[in-house]
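These notes concern the structure reproduced below.
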Amino acid sequence: ANSVVVDDAELRAGPTFGQGLYLVVSGPSPKNGDQVRLVPDLVQHDPDYRRIEVLSDDRSGHGDDRPSSAERYEKSMPLSGLSGKKGIELVGANGTKKFDWMG
């Protein structure tokens, strides 16, 4: 898996009340049409900031997968149960960004 460039990331409230926060990440799609995914680091036990990496999976060798022609990706994931004590730390190819919990 390869690190992916992130040029926009934000925390949004879930679509339904009480769902908690979602992390929404977007950026330029990988040139080779790789699939982008958000991967939380579940190894750390109760960290201050839970690391979430933005990675792309190499799809070469999957002949029936058509590369996405989209120029941008947007991925979201619910943060329920994934947060650190203080927030999360997003890790992309172009650096890291910390989000602190509000409240």
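Just so it is clear: in the sequence shown, position 90 is 145 by our numbering, and no numbers are missing.
Built from N, CA and C at the ideal position, the CB exists for glycine as well.
| query | Taking buried to mean at least 16 other C-beta atoms within 10 Å of its own C-beta, is residue 72 buried or exposed? | reply | exposed
Discussion item. Please tell me whether residue 76 and residue 94 are closer than 7 Å, where the distance is taken between their beta carbons.
Written reply: no
Worksheet entry | Close-in-space but distant-in-sequence residues of the same chain around residue 119 (CB under 8 Å, 5 per side omitted) | Unreliable positioning characterises residue 119 in this predicted model, as indicated by a pLDDT of 47, which lies under 50. A coordinate reading is not provided.
task: Verify whether the separation of the beta carbon atoms of residue 105 and residue 136 is less than 7 Å.
output: no
Please state whether the Cβ-Cβ distance between residue 60 and residue 149 is less than 7 Å. yes
(message) On the criterion of 16 or more Cβ atoms from any shown chain inside 10 Å, does residue 97 qualify as buried, or is it exposed?
(response) exposed
Note to self: Is it buried or exposed, residue 89, if we count other Cβ atoms within 10 angstroms and call 16 or more buried?
What the structure shows: buried
> residue 63 and residue 81: beta carbons closer than 7 Å?
Replying inline: yes
Name the residue from 141, 155, 87, 69 whose alpha carbon lies nearest to the alpha carbon of residue 132. 69
**Request:** State the Cα-Cα distance for the pair residue 86 and residue 134, rounded to the nearest angstrom.
**Result:** 28 Å
7 Å CB neighbourhood of residue 153 in its chain, flanking five on each side removed: 104, 142, 144
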